[in-house]
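Residue numbers (this note's numbering): 3 to 199.
Glycine included, C-beta positions come from ideal geometry on N, C-alpha and C.
Below is one structure; the comments refer to it alone.
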Amino acid sequence: MILIGLTGGIGCGKSEVSRLLEKRGAVIVDADLIVRELQQPGGEIFLRMVEMFGEKVVATDGSLNRAAVANEVFKDADLLKKLNSLIHPVVRRVMNERVESHRATDKIVILDIPLLVENPREGLDGVLVVDLDPQTAIERIVSQRNMSIDDAKARVSAQSTREQRLAIADHVVDNSGDRDALAIQVDVAWSWITSLK
């Protein structure tokens, strides 16, 4: 098994890179998807978040009201830190279980972890960083996610810096171009990953 950490700031196109790697044969273990699974009503993280924030983060249909949570944590760095310390150990445990299920195979496993700088992983064969100028990322977030510019800036500033991500990179995918340019970048990244076998 080859184990690669994939990271990048919000709005950089990391999810698209992840999808393109999966098309090439990689197994994706996505931290954000695991969080969403565990945030389903009755899930381990859902219950802890309701305990932490109260009923105001529960939507009328009983699901987690993500917008209400975001409103709380992206204006309070201490609260965001507290939430992350609640979520990260649980997500790490589930990710480790999924990785272990591929340990004895020859698969390429990609750990898609937005906060890899903040939560370093041991045992990786390499780190792939999707890079994009933060201003361009903010523009993409506003246009594609229907988010206000202030919200987008708050989310970008809550993450590690571009320089911090590039400092841990073994390989960089530049996503400043169009989708065709990105596909070429992912082909180059795939060649790098498969060379690690």
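Around residue 192, the same chain offers 26 as residues with beta carbons nearer than 6 Å, after the five sequence neighbours per side are excluded.
Rounded to the nearest angstrom, the Cβ distance from residue 11 to residue 139 is 6 Å, consistent with a contact under 8 Å. Your pair residue 111 and residue 3 checks out as a contact, with CB atoms roughly 6 Å apart and the cut at 8 Å. Between residue 30 and residue 22, the C-beta gap is not smaller than 8 Å, which leaves the two residues out of contact. Here residue 186 carries a helix assignment [DSSP, helix/strand/coil]. Of all alpha-carbon atoms in 28, 15, 162, the one lying nearest the alpha-carbon of residue 177 is that of 15.
Membership of residue 176 in the beta strand (DSSP E) is indicated by the continuous run 173-176.
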